[in-house]
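Sequence order for the protein chains is U and P. Going by the numbering used here, 114 is the number at position 70 of the first sequence; the sequence numbering is gapless. Going by the numbering used here, 454 is the number at position 293 of the second sequence; the sequence numbering is gapless. Heads up, the beta-carbon is just placed ideally off N, CA and C, and yes, glycines get one too. Being a predicted model, the structure only gives us computed values, none of them experimental. One structure is given below, encoded as structure tokens.
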Amino acid sequence: MQFKSMVLSNVEVSPSYFRMRMTAPPTIGSSCPGQFVMVKVNPAIDPLLRRPFGVFDLGTFETEFTDCGRQTYLEILYKVVGKGTAMLSTLHHGDHLDILGPLGKGFTPGDPAGEKLLVGGGVGLAPLYYLAKELVRESRVHLFAGGRNKEDILCITEFDRLGVETYVATDDGTLGAQGLVTEVLEQHLSRAGANATIYACGPTPMLKAVAFLAEKYGIACQVSLEGYMACGVGACLGCVVQGKDHSETTPDYRCVCKDGPVFDQADLLWS
Amino acid sequence: MTHPNLSVDIAGIKLRNPVMTASGTFGYGSEFAPYLDLEKIGAIITKGLSIKPKAGNPTPRIVETPGGMLNAIGLQNVGIDTFIGEKVPYLRKISTPVIVNLYGNSLEEYGELASRLDGIAEVAGIEVNISCPNVKQGGIVFGTDPKAAFEVVDLVRKNTGKPMIVKLSPNVTDVVVMAKSCVDAGADALSLINTLTGMAIDLKSRRPILANITGGLSGPAIKPVALRMVWQVARAVTVPVIGIGGIMTAVDALEFILAGATAVQIGTANFLDPSAAETIAAGIETYLVENGIADIRELIGALKTDR
Numbered sequence: 045m046q047f048k049s050m051v052l053s054n055v056e057v058s059p060s061y062f063r064m065r066m067t068a069p070p071t072i073g074s075s076c077p078g079q080f081v082m083v084k085v086n087p088a089i090d091p092l093l094r095r096p097f098g099v100f101d102l103g104t105f106e107t108e109f110t111d112c113g114r115q116t117y118l119e120i121l122y123k124v125v126g127k128g129t130a131m132l133s134t135l136h137h138g139d140h141l142d143i144l145g146p147l148g149k150g151f152t153p154g155d156p157a158g159e160k161l162l163v164g165g166g167v168g169l170a171p172l173y174y175l176a177k178e179l180v181r182e183s184r185v186h187l188f189a190g191g192r193n194k195e196d197i198l199c200i201t202e203f204d205r206l207g208v209e210t211y212v213a214t215d216d217g218t219l220g221a222q223g224l225v226t227e228v229l230e231q232h233l234s235r236a237g238a239n240a241t242i243y244a245c246g247p248t249p250m251l252k253a254v255a256f257l258a259e260k261y262g263i264a265c266q267v268s269l270e271g272y273m274a275c276g277v278g279a280c281l282g283c284v285v286q287g288k289d290h291s292e293t294t295p296d297y298r299c300v301c302k303d304g305p306v307f308d309q310a311d312l313l314w315s
Numbered sequence: 162m163t164h165p166n167l168s169v170d171i172a173g174i175k176l177r178n179p180v181m182t183a184s185g186t187f188g189y190g191s192e193f194a195p196y197l198d199l200e201k202i203g204a205i206i207t208k209g210l211s212i213k214p215k216a217g218n219p220t221p222r223i224v225e226t227p228g229g230m231l232n233a234i235g236l237q238n239v240g241i242d243t244f245i246g247e248k249v250p251y252l253r254k255i256s257t258p259v260i261v262n263l264y265g266n267s268l269e270e271y272g273e274l275a276s277r278l279d280g281i282a283e284v285a286g287i288e289v290n291i292s293c294p295n296v297k298q299g300g301i302v303f304g305t306d307p308k309a310a311f312e313v314v315d316l317v318r319k320n321t322g323k324p325m326i327v328k329l330s331p332n333v334t335d336v337v338v339m340a341k342s343c344v345d346a347g348a349d350a351l352s353l354i355n356t357l358t359g360m361a362i363d364l365k366s367r368r369p370i371l372a373n374i375t376g377g378l379s380g381p382a383i384k385p386v387a388l389r390m391v392w393q394v395a396r397a398v399t400v401p402v403i404g405i406g407g408i409m410t411a412v413d414a415l416e417f418i419l420a421g422a423t424a425v426q427i428g429t430a431n432f433l434d435p436s437a438a439e440t441i442a443a444g445i446e447t448y449l450v451e452n453g454i455a456d457i458r459e460l461i462g463a464l465k466t467d468r
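Spelled out as structure tokens, the structure:
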């Protein structure tokens, strides 16, 4: 689906991290947590490509026009890392965007009886909020949030409000425990039930460490990957990662955009 | 005026309009079906196909540059057996002509691919890739030497009765020499240009951004180069020329047609807007209606160069 959207708000929630709310067609409500959208940050040719963002939240709001009734909105949480995101951060209420999505395969909820362990590194928290909202309906949800410092720990109060039990770790100890989020996760894993599921999103080294822990404790683990992509629909083959059966003679490449961004960690080759 | 005639003929392949999708930017067709009506575009050119499945290059494979992008995918593809088994059945369902882009590691592989595709009814024609800048063997090795190009095109010609398009590289001193060599060897049409070899550097790490170090530049940044080469080649050969290079809008496409292109291919624009090819075809029709032109063929090569 491709749609024109209007920015409703664009707020800096922590230095260089923004949360943008924008209008979306009602059909976006059928998307599942973990899917993403491709946003054209301006109509010009520089920057040329769309930017992918995980869906942070979806909802409806009452419009000021009585005949319009309730309108659907979409939220993204993003970090300013380059030209495209810098331009995005300057947009205001009333500005327009061209959006493609929802795209890709999202998270699978799994057994409701099992504990849900969400692990987010920095802006990797983005797709986990929408996931948490869905999971708390039926399951006990824990969030493990990691970052370099307290400014990398985003929107924790929103997770709190959902009733999610949160654990924080920062490299410099400015918030939560000092150290890696995976260390905090491991303390929990040693007593987690076998039917628990891990859902992780963040930098690749963190995902690799989480995948290793999932193997070690025999716990199901889904990871949401980031990829440098041009199209978002599986055509350009720019964002591929190696699947578990990959070799030079038997290529097993998976597109982050189409086969993911969410994968079962056991399906990937973690070199 | 009612509906102007947009149809063109490329070496016997009848296109309802002159807008095709470029190889490597449109998958095998089905990827884009949710976003545009495949029946509204002129032709689909599928991802470069080799005999065996090809893994492609390590990542990062893509980087954005001002007005363009560099790619070093390295011709990752499913190989001809999977293509025939899994992709052809879908292509059977659409009436739009499907042209298969093919590529070999050796002269013999080009011949074998052409011969195997010759028997497949769903394949309307082939596009011989002698211009990929991202693979060590084959590809551009054949596309930068007029003698080598002649040999490969001649061999493919002997192995196929289907219309044969040869895709040329801009990474040569004289594109007209290459074009003539391919036509002499039996090419029914020429498509140009493939990407320009380029690179991008990360100042922080002081390393090339692409794992392959260099990649192929595409997008609006290359349009003036492509337009010039299409104009030069279209004047020098009698076979149809297909223009490719940074076409984002109907205006861009019409410029290529004026320069001598019988049809155009949409590449990078598909990534930004998966419905680009359909939008551009509609835009060409609007231009013809608004300017009272009854037939697109009136515009082909109609560029005025006198002052």
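Query raised in the report: Got a sec: which bits of the stretch 232-253 of chain P sit with their beta carbon under 7 angstroms from any beta carbon on chain U, in order along the chain?
Result: Residues of the stretch 232-253 of chain P with a Cβ closer than 7 angstroms to any Cβ of chain U, in chain order: 232, 234, 237.
Report task. Please go through the stretch 123-170 of chain U and give each complete beta strand (DSSP E) segment of 3 or more residues, from N-terminal end onward. Result -> 140-147, 160-165
Query raised in the report: Under a three-way DSSP split, which group does residue 283 of chain U fall into?
Result: coil
**Report entry** Residue range of the unbroken beta strand (DSSP E) whose run includes residue 424 of chain P
**Finding:** Taken as a continuous stretch (DSSP letters only), the beta strand (DSSP E) holding residue 424 of chain P covers 424-427.
Query raised in the report: Residues in the stretch 333-349 of chain P with C-beta within 7 angstroms of chain U's C-beta atoms, listed in sequence order?
Result: So nothing in the stretch comes that close.
Query raised in the report: Tell me which same chain residues have a C-beta within less than 8 angstroms of the C-beta of residue 333 of chain P, skipping the five on either side of it?
Result: 304, 305, 339
**Report entry** Where residue 186 of chain U sits in the DSSP three-state scheme
**Finding:** strand
Report task. Determine the contact status of residue 297 of chain U and residue 217 of chain P, defining contact as a CB-CB distance below 8 angstroms. Result -> yes
Query raised in the report: Using 8 angstroms as the limit for Cβ to Cβ distance, is residue 292 of chain U near chain P?
Result: yes
Query raised in the report: Which residues, in order along the stretch 79-99 of chain U, keep a beta-carbon less than 8 angstroms from a beta-carbon of chain P?
Result: 84, 89, 90, 91, 92, 93, 94
Report task. Please determine, among U:124, U:107, U:153, the residue with the shortest C-alpha to C-alpha distance to residue 178 of chain U. Result -> U:153
Report task. Give the secondary structure of residue 431 of chain P by DSSP, where H, G and I count as helix, E and B as strand, and everything else as coil. Result -> helix
Query raised in the report: On the premise that residue 359 of chain P lies in contact with residue 183 of chain P, defined as a C-beta separation below 8 angstroms, what is that separation, rounded to the nearest angstrom?
Result: That pair is no contact at about 17 angstroms.
Report task. Please compile the residues from chain P whose C-beta is within a distance smaller than 9 angstroms of the C-beta of residue 278 of chain U. Result -> 188, 192
Query raised in the report: Any chance the stretch 343-355 of chain P sits against the stretch 317-328 of chain P, with 3 or more Cβ pairs inside 8 angstroms?
Result: yes
Query raised in the report: Is residue 83 of chain U helix, strand or coil by DSSP?
Result: strand
Query raised in the report: Got a sec, what are the start and stop residues for the alpha helix (DSSP H) residue 235 of chain U sits in?
Result: From DSSP, residue 235 of chain U is part of no alpha helix (DSSP H); its letter is neither H nor E.
Query raised in the report: Taking the Cβ atom as the reference point for each residue, do residue 147 of chain U and residue 282 of chain U lie within a distance shorter than 8 angstroms?
Result: Not in contact: residue 147 of chain U and residue 282 of chain U (Cβ atoms no closer than 8 angstroms).
Query raised in the report: Given residue 387 of chain P, which residues of its chain have a CB within under 6 angstroms of its CB, disregarding the five upstream and five downstream residues?
Result: 354, 406
**Report entry** Any 3 or more C-beta pairs closer than 8 angstroms across the stretch 154-170 of chain U and the stretch 86-93 of chain U
**Finding:** no
Query raised in the report: Is there contact here, the stretch 67-81 of chain U with the stretch 127-139 of chain U, by at least three beta-carbon pairs under 8 angstroms?
Result: no
Query - Cβ of residue 282 of chain U within 8 angstroms of any chain P Cβ - result: Under the Cβ distance rule, residue 282 of chain U counts among the residues neighbouring chain P, one pair being separated by less than 8 angstroms.
**Report entry** Residue from P:458, P:380, P:467 whose Cα sits closest to the Cα of residue 177 of chain P
**Finding:** The option with the nearest alpha carbon to residue 177 of chain P is P:458.
Requested in this report: Could you tell me how far apart the beta carbons of residue 271 of chain U and residue 301 of chain U are, in whole angstroms, since I believe they sit closer than 8 angstroms?
Outcome: 6 angstroms
Report task. List in chain order: all unbroken alpha helix (DSSP H) runs of 4+ residues lying wholly within the stretch 254-325 of chain P. Result -> 268-279, 301-304, 307-320
Query raised in the report: For the putative contact between residue 414 of chain P and residue 395 of chain P, defined by C-beta atoms under 8 angstroms, what is the C-beta separation to the nearest angstrom?
Result: 15 angstroms between Cβ atoms; not a contact.
Report task. Using 10 angstroms around the beta-carbon of residue 303 of chain U, count the other beta-carbons present and answer buried if the total reaches 16, otherwise exposed. Result -> buried
Report task. With 9 angstroms as the C-beta to C-beta threshold (strictly closer), list the residues of the stretch 190-214 of chain P near chain U in chain order. Result -> 192, 193, 195, 196, 208, 213, 214
**Report entry** Pairwise C-alpha distance: residue 126 of chain U and residue 381 of chain P
**Finding:** 21 angstroms
Query raised in the report: If you draw a straight line from the C-alpha of residue 54 of chain U to the C-alpha of residue 247 of chain U, how long is it?
Result: 24 angstroms
Query raised in the report: Between residue 178 of chain P and chain U, is there a C-beta pair that is closer than 8 angstroms?
Result: no
Query raised in the report: Ends of the alpha helix (DSSP H) at residue 333 of chain P?
Result: Unbroken run through residue 333 of chain P: none, as it is neither H nor E.
Query raised in the report: Would you report the Cα separation of residue 343 of chain P and residue 400 of chain P, rounded to the nearest angstrom?
Result: In this structure, the CA atom of residue 343 of chain P is about 11 angstroms from the CA atom of residue 400 of chain P.
Query raised in the report: So what's residue 390 of chain P in DSSP terms, helix, strand or just coil?
Result: helix
**Report entry** Beta-carbon proximity check, residue 207 of chain P vs residue 279 of chain U, cutoff 8 angstroms
**Finding:** no
**Report entry** Cβ neighbours of residue 183 of chain U in the same chain (closer than 6 angstroms, five flanking residues each side left out)
**Finding:** 156, 160
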